[in-house]
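Q: Note that the protein sequences, when read in sequence, are chains A and B.
First residue of the first sequence? That's 205 in our numbering, and the numbers climb one at a time after it.
First residue of the second sequence? That's 205 in our numbering, and the numbers climb one at a time after it.
Got a structure here, written out as structure tokens. Questions coming.
Protein chains: 2
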Amino acid sequence: MVGKVNFLLGIHNHQPVGNFEHVLEDAYQRAYKPFFEVFEKFDLKLTVHFTGWLLEWLKERHPEYLDRLKALVEAGRLEIATGGFYEPIIPVIPPGDRIDQIKLLTKFVEDNLNCSPRGMWLAERIWEPQIAKELAQAGVEYVVVDDNHFHWAGLHDDELVGYYVTEEEGHTLKIFPISKTLRYLIPFEPPERALEHLKQFVDSSGYKMQVMFDDGEKFGLWPGTYEHVYKKGWLKEFFGVLEATEWIEVKTFSEYIDSHPPAGRVYIPISSYVEMTEWALPSRAREKFENLLEDLKNRGEMEKYGMFLKGGIWRSFLAKYTEANLMHKKMLYVGKKIEECENEQKKREARKYYFMGQANDAYWHGVFGGLYLPHLREAIFSNLIKAETLLDGESSKVINLDVDCDGSDEIVVETPYYSFYLDPDYGGRIIELDYRTRYVNILNNLTRRYEPYHRKLREAVTAEELTRSGTTKTIHDVILAREEGLEKLLAYDWYERYAMIDHFLGWDTTLDKFERCEYSEQGDFVNQPYRVLKCSEKEIVLKRDGHVWVDSNWVPISLEKRLSLKDRGFRVTYIIGNGWTYPVELWFSVENNVSLLAPNAPDRYYTADGRKVGTMSSRGTVKARVFGVTDEYRKVSFKVVTTSPVEHWYFPVYTVSYSEAGFEKVYQCSSISTHFRIALEPGEFETLEFFVRLDEI
Amino acid sequence: MVGKVNFLLGIHNHQPVGNFEHVLEDAYQRAYKPFFEVFEKFDLKLTVHFTGWLLEWLKERHPEYLDRLKALVEAGRLEIATGGFYEPIIPVIPPGDRIDQIKLLTKFVEDNLNCSPRGMWLAERIWEPQIAKELAQAGVEYVVVDDNHFHWAGLHDDELVGYYVTEEEGHTLKIFPISKTLRYLIPFEPPERALEHLKQFVDSSGYKMQVMFDDGEKFGLWPGTYEHVYKKGWLKEFFGVLEATEWIEVKTFSEYIDSHPPAGRVYIPISSYVEMTEWALPSRAREKFENLLEDLKNRGEMEKYGMFLKGGIWRSFLAKYTEANLMHKKMLYVGKKIEECENEQKKREARKYYFMGQANDAYWHGVFGGLYLPHLREAIFSNLIKAETLLDGESSKVINLDVDCDGSDEIVVETPYYSFYLDPDYGGRIIELDYRTRYVNILNNLTRRYEPYHRKLREAVTAEELTRSGTTKTIHDVILAREEGLEKLLAYDWYERYAMIDHFLGWDTTLDKFERCEYSEQGDFVNQPYRVLKCSEKEIVLKRDGHVWVDSNWVPISLEKRLSLKDRGFRVTYIIGNGWTYPVELWFSVENNVSLLAPNAPDRYYTADGRKVGTMSSRGTVKARVFGVTDEYRKVSFKVVTTSPVEHWYFPVYTVSYSEAGFEKVYQCSSISTHFRIALEPGEFETLEFFVRLDEI
């Protein structure tokens, strides 16, 4: 039979805002550059997407690369796709921002690559049907998603041989399905395998098409791929075969659209690639889901029923990780401040940082580090704080506002120098504490949580072992570990690691037990609601009538927590009352977790009464009048000051998470707890005081 | 153990816009009224929702009923929930309309029932996460959905013992899960079964709750339930047991919220009850999905894996049924006209009809008739046309507009008297034809499609048989048929039943074959694209260079189709050309399907040259100069007028669909085809002409 199949090939190149310079340069040298060096030599067509932040970097560091792209565009061989400039998850940013982020990249492409993008790469292919409207409004004609998205709409592979049209509020958008088969074959299997797949779609009408559009980092940056794709010549061979095969027409997406009508109308549910929906599930459901997928694979029924198996939606990361939620809600909060700002110049400047604060990578966690990487979260916070500080200027306020959107108000304190969010409903803790002049949220912490992959820690192998085995398996298949003994670090927190946490400790508590979160908490204060007695510009007073276990008695204890706001910190006063008919002895401890990003950097250390105690990886107990941390890198310090020396405990908090390099330990924050032992007669109250000093240095 | 469980009971009462008066009265007498007659006698609390259209009807016909509700509200026993006034599917109407429809019902409740609703009933529990914003903006504090929605978010039943908080763009909303177990027990099983279920959630904290919120029609209107619920006293017994059981606290939703914090944060994917997601799937996928569910049930794994099994989303109905899509896009089109209207009074008036045109029932099809019921579709179209006519006034225009959002433009013709949409991309057909002064779309047709339940037609039993068996099974379990022999009516159309369809028939075509859509189509014109050669205020010219099979030869035939617009219809001119080197004989036929709602009503009939030929259920062939239909009920006629008598075929189009009363045949439209036999020499053209007369009568 004479016939042909259309093959649309696309590459998506992305680096997260806040990524290290050397990582970008490495990606350029090993993937972005060599890919095009090979591509140029063949008579083929390609569609490519670069996220804006990366494209800006390329323009600055490798302007010759943009010339190279421009030449291909001019030769009609290269189509450029747009997207959100800083690669936000489109459905979870406000509709207006969707349009503006896309227009920003479109403009950059127009200005620098001499072409006007018609299509869009959708970050992580996180689709929600309502975004069709803003995509269309931003001038996007088509978007490329997974075949999985279409399966979930009830379509079969044999129907996925063209693009479809979807709509929101009357705005239409064309959607192309990426073939998962091709995504797994390229570049991991011999080129012939991709050809065999394409061959099935050859027909005389010339209508049918297949799409491959995937991460450019697969071509050189993923473990083992540089060797495979370039040194062993996989890419050259693949392009050669495409060029030589008469029944394959390699087209850009726009070319295909201009010569073929849509295959039909479609409404796609909230979707992404299956793995993403697996990661987004709460852990208990995720384990069940993985079991189901495995069961069906074993029964050979995956093919048949896969289209009805759906994990979670991206938004669930916000319910699963408080840290992701806080970044997201901070972003929305800053967004509202921008909206309300009447100074157009400030507004414009703030928006740039605000948009950078929407970059998706830090907001979630799958097979890459993401949320588990403090420097990525830091990039989000510092950009958002930069935007906020610009907007707020010298204004001060203390307001009640549900800033984390949990259904009840927090107390939001904003001064020209610092700001913090106090959460009465969860232990009267502080969940964010910003040094506004340094753009630092010192509570950029992460709680240690169970992750279903922790079960696999034992099977993990180190990279050296993998290299020796000479495989080109993908990182979806192999379990790597960056170092040995990680399982010993696994510990899970029963409360969230923020600041101003009110503990009553059992007498057998040790630093070691406390560090592992396996001590006995005697009170019901840590994660329980406090009443707000006062909330003014000068002072905040919270109170909880709670209980503490004393010798098997559930003793009524009242705790009043006063924060008096000062220029460079706040005075804390606790009034603890014994509501029992017997005397009690209590071990009260206030815990502050602070994040200093690097555990072993010499410019970040503990200090006790002016002495350096050690870097953030150190642990121990110390008696001091002034104890805390100093960060010479970001130029801030956090100190607890008492009138006389008291005992402080300190230790680093590490998580064990999975990334493209395998299991790794990551320093998340440091716990500093300040200890008080008190004895109270029946009806007696004791007052404890200290000052939390927040200094620029 | 001393303890308790909170039980929140809700009832949702709804009637579709356009439903028959006698159906409403019956529902009132058999369900809405007796339910409260029983409820009043017990010391219990309840939450109730009435859709606005029903509440208006109740106010007019049974004002004493509203007094009864008011008294219960005043006694603190009844909470009223709001919703979209005309019960639209919230996620598929524009965001502004979501707010306005809800505010409309809230206002009505405030004005007539002396209370301000805090909660909302979500039509068909069609949830999409972004609607949280408009719900919150409309003043809704909480919404009630299925436990299924939460399962799909990865939550387990043991976590569904409180309400959750969700959020969109910083707007928070509380969400309650309805227990499916309770929904299936009440009122079908003995009250003790519901008690057994509730008992599991009793605990000393008093925190846990369970929700039952379901259709009020289950209490008296569903087959067999009047007897069961009232005559046999099920409801009295149930309420008695609730009242007498000390460990059950029957609360309203607001009472529960006011005394209990949320159980957590949640982001719910697009969801509805499982059955809805089954119905919404394309038929091929739906069959597979049903098989999977059955397999898992047989393996006893449904419980374990059910949370990951997801069918389609409601929006898919719009892709599945062109008819639903056309209503939906007409609605959006009229909505835009309202937005653009500058006359506030017209705008206000038009909005009322426009909102009625958003009533959900006609837009989809599950276990009730819905889309398959012409009078419900008619209600949608007539309201939308009313709104549109009000807005357009005396203006005329012919524009290119993608009115059905398929990605390419239709030709939209609007005159003060009629309007129509011509679709060049699909056979140059007409997909809507409105008599604007009568608010009638004569093309309110429905195509005969395969529905997976057609396989079950053989197992169906009649209602008499069911009654004899004395069961109280739900309509989810039993297959009923309203009459025998329905399987003989099953026929499937390969093209969609609209107007101005250009056929080339095989010589063996008979009326019977044509009626069953099992004839041989020789041309490639019916559903293929036409070029637009001219599009002006006076004339539209389309052309297709297509093919017709002539004795196993695929002969090039050109067809030009001119529509000259007149005041009361349009003149149609066909120019058919033979592009072959041999002479050909062709059987050309133009088909118009028109909908007259009732097959046997004496006021709707065919006429041929002034004679009545028969009602819409009649079929046959006739030779006439003027042939068509007259509708004395809606006061319109549709006639094809030729210069000399030609042959016309006519027959009724019935579908076989499933509703709460079982399988039934429904008259959808009538096919009128006008036949021409032509002979063409090589290169020769023939011109055919007729007039389509659209009269008010």
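Virtual Cβ for every residue (Gly too), placed ideally from N, Cα, C.
Because the structure is a prediction, the values reported are computed rather than measured.
So, using beta-carbon positions, are A:R329 and A:Y477 closer together than 7 Å?
A: Here residue 329 of chain A is taken as the residue at index 125 of the first sequence, counted from 1. Here residue 477 of chain A is taken as the residue at index 273 of the first sequence, counted from 1. Result yes, Cβ atoms of A:R329 and A:Y477 sit closer than 7 Å.
Q: Which of helix, strand or coil does DSSP assign to B:H360?
A: Against the second sequence, residue 360 of chain B aligns to sequence position 156. Note: B:H360 maps to coil in three-state DSSP.
Q: So, at 6 Å on beta carbons, what are the nonlocal neighbours of A:I779 in its own chain, with the 5 sequence-adjacent residues on each side left out?
A: Against the first sequence, residue 779 of chain A aligns to sequence position 575. If we look at A:I779 and ignore the five residues flanking it on each side, its Cβ neighbours are E764, F889 and T891.
Q: Could you give the distance in angstroms between the alpha-carbon of B:N502 and the alpha-carbon of B:L496?
A: If you number the second sequence from 1, residue 502 of chain B lands on position 298. If you number the second sequence from 1, residue 496 of chain B lands on position 292. Taking the straight line from one Cα to the other gives about 10 Å.
Q: Taking the runs of the alpha helix (DSSP H) that are 4 residues or longer, which of them lie wholly in the stretch 626–713 of chain A?
A: Complete alpha helix (DSSP H) runs here, min 4: 667–673.
Q: Does A:R820 come out as helix, strand or coil in the three-state DSSP assignment?
A: Here residue 820 of chain A refers to the residue found at position 616 of the first sequence. Going by the sequence as given, residue 820 of chain A is Met instead of Arg. A:M820: coil per DSSP, three-state reduction.
Q: Need the endpoints of the alpha helix (DSSP H) that B:R387 sits in, please.
A: Stepping through the second sequence from its first residue, residue 387 of chain B is reached at position 183. K384 to L389 is the span of the alpha helix (DSSP H), which, as asked, contains B:R387.
Q: Taking only beta-carbon atoms, is B:K534 less than 7 Å away from chain A?
A: Translated into the one-based positions of the second sequence, residue 534 of chain B becomes position 330. With 7 Å as the cut-off, B:K534 does not count as an interface residue toward chain A.
Q: Using CA atoms only, rank isn't needed, just tell me which of A:R775, A:Y460, A:E431 and A:D350 is closest to A:P386.
A: Position 182 of the first sequence, counted from the first residue, corresponds to residue 386 of chain A. Correcting the residue type first, residue 386 of chain A is Leu in the shown sequence and not Pro. Out of A:R775, A:Y460, A:E431 and A:D350, A:D350 has the C-alpha closest to the C-alpha of A:L386.
Q: Helix, strand or coil: how does DSSP classify A:P299 here?
A: Residue numbering aside, residue 299 of chain A sits at position 95 when the first sequence is read from its first letter. Note: A:P299 maps to helix in three-state DSSP.
Q: How about B:K645 and B:E655: do their beta carbons lie closer than 7 Å?
A: Taking the first residue of the second sequence as 1, we reach residue 645 of chain B at position 441. Taking the first residue of the second sequence as 1, we reach residue 655 of chain B at position 451. According to the sequence as given, residue 645 of chain B is Asn; it is not Lys. No. Outside cutoff.
Q: Extract the residue ranges of the beta strand (DSSP E) inside the stretch 787–822 of chain B, only unbroken runs of 3 or more that lie entirely within it.
A: Taking only runs of at least 3 residues, the beta strand (DSSP E) segments lying wholly in the stretch 787–822 of chain B are 788–798, 808–812 and 815–819.
Q: What is the DSSP secondary structure of A:F392, counted as helix, strand or coil?
A: The residue given as residue 392 of chain A occupies position 188 in the first sequence. DSSP places A:F392 in coil when its eight states are reduced to three.
Q: Spatial neighbours of A:L273 within its chain, please: C-beta separation below 7 Å, excluding the five flanking residues on both sides.
A: The sequence position of residue 273 of chain A within the first sequence is 69, counting from 1. Closer than 7 Å at Cβ, skipping near neighbours: L282 and L317.
Q: Between B:E453 and B:N210, how many whole angstroms is the CB-CB distance? I'm expecting something under 8 Å.
A: Working through the second sequence from its first residue, we reach residue 453 of chain B at position 249. Working through the second sequence from its first residue, we reach residue 210 of chain B at position 6. Right, their Cβ atoms sit about 5 Å apart.
Q: Any beta carbon of chain B sitting closer than 7 Å to that of A:Q732?
A: Walking along the first sequence from the start, residue 732 of chain A turns up at place 528. A:Q732 does not count as touching chain B.
Q: Terminal residues of the continuous beta strand (DSSP E) containing A:E229?
A: Position 25 of the first sequence, counted from the start, is the residue given in the question as residue 229 of chain A. A:E229 -> not in any beta strand (DSSP E); alpha helix (DSSP H) instead, spanning E225 to A231.
Q: Which residue's Cα is closest to the Cα of A:S740: A:L715, A:P733, A:N731 and A:L769?
A: Counting from one through the first sequence, the residue named residue 740 of chain A turns up at place 536. Residue A:L769 is the option with its Cα nearest to A:S740.
Q: Using DSSP's beta-bridge definition, name the partner residues of A:Y557.
A: For this step, residue 557 of chain A is matched to residue 353 along the first sequence. Per DSSP, none; premise fails for A:Y557.
Q: Is B:I585 close to chain A, meaning its C-beta is less than 7 Å from at least one C-beta of that chain?
A: Start at 1 with the first residue of the second sequence, and residue 585 of chain B comes out as number 381. The amino acid occupying residue 585 of chain B in the given sequence is Phe; Ile does not appear at that position. So, not an interface residue.
Q: Can you find a C-beta in chain A that's less than 7 Å from the C-beta of B:L364?
A: As a first step, residue 364 of chain B must be located in the second sequence, where it is residue number 160. Closer than 7 Å: no.
Q: Where does B:T370 sit, in a helix, a strand or coil, going by DSSP?
A: For this step, residue 370 of chain B is matched to residue 166 along the second sequence. If DSSP states are grouped into helix, strand and coil, B:T370 belongs with the strands.
Q: Whose C-alpha, out of B:A664, B:T847, B:H218 and B:P760, is nearest the C-alpha of B:G783?
A: The count along the second sequence starts at 1 and reaches residue 783 of chain B at position 579. Comparing Cα positions, the closest option is B:P760.
Q: Tell me the rounded alpha-carbon separation between A:Y702 and A:S877.
A: Here residue 702 of chain A refers to the residue found at position 498 when the first sequence is read from its first residue. Here residue 877 of chain A refers to the residue found at position 673 when the first sequence is read from its first residue. Distance between the alpha carbons of A:Y702 and A:S877 is about 12 Å.
Q: The beta strand (DSSP E) that contains A:S768, what's its start and end?
A: Locating residue 768 of chain A in the first sequence gives position 564, where the first residue counts as 1. Element bounds for A:S768: N757 to K770.
Q: For B:F224, does the count of other Cβ atoms within 10 angstroms reach 16, so buried, or fall short, so exposed?
A: Against the second sequence, residue 224 of chain B aligns to sequence position 20. Exposed, because fewer than 16 other Cβ atoms sit within 10 Å of the Cβ of B:F224.
Q: What are the start and end residues of the alpha helix (DSSP H) that includes B:D716?
A: For the purposes of this step, residue 716 of chain B is identified with residue 512 of the second sequence, where counting begins at 1. Start and end: L715 to E719.
Q: With 16 other CB atoms within 10 Å as the buried threshold, where does A:K435 fall?
A: Taking the first sequence and counting its residues from 1, the one referred to as residue 435 of chain A is at position 231. With fewer than 16 Cβ atoms within 10 Å of its Cβ, A:K435 is classed as exposed.
Q: Could one say the Cβ of B:I294 lies closer than 7 Å to chain A's Cβ atoms, at least one of them?
A: The residue you call residue 294 of chain B lines up with position 90 of the second sequence. Judged by the 7 Å Cβ criterion, B:I294 is not in contact with chain A.
Q: Suppose you measure from the CA of B:L605 to the CA of A:N564; what does that come to, to the nearest Å?
A: If you number the second sequence from 1, residue 605 of chain B lands on position 401. If you number the first sequence from 1, residue 564 of chain A lands on position 360. Distance between the alpha carbons of B:L605 and A:N564 is about 37 Å.
Q: Considering only DSSP beta bridges, list what B:G727 is partnered with.
A: Within the second sequence, the letter at position 523 stands for residue 727 of chain B. According to DSSP, B:G727 bridges with B:V752.
Q: If you check the beta carbons only, do A:V736 and A:L746 fall under 7 Å apart?
A: As a working mapping, residue 736 of chain A is identified with position 532 in the first sequence. As a working mapping, residue 746 of chain A is identified with position 542 in the first sequence. Taking 7 Å as the Cβ cut-off, A:V736 and A:L746 qualify as a contacting pair.
Q: Less than 7 Å between CB atoms is the rule here; does A:T376 satisfy it with respect to chain B?
A: To locate residue 376 of chain A, count along the first sequence from 1; it is residue 172. Judged by the 7 Å Cβ criterion, A:T376 is in contact with chain B.
Q: For A:H852, which residues in the same chain have their Cβ closer than 8 Å to its Cβ, ignoring the five residues on either side in sequence?
A: Your numbering for residue 852 of chain A matches position 648 in the first sequence. Around A:H852: A812, T825, V826, K827, A828, F831, V844, I876, S877, T878 and H879.
Q: Using a Cβ-Cβ distance under 7 Å, would A:G288 count as near chain B?
A: Position 84 of the first sequence, counted from the start, is the residue given in the question as residue 288 of chain A. No, no contact with chain B.
Q: Looking at C-alpha atoms only, which residue of A:L898, A:I474 and A:M704 is the closest neighbour of A:N796?
A: Within the first sequence, numbered from 1, the residue matching residue 796 of chain A stands at position 592. It is A:M704 whose Cα lies nearest to the Cα of A:N796.
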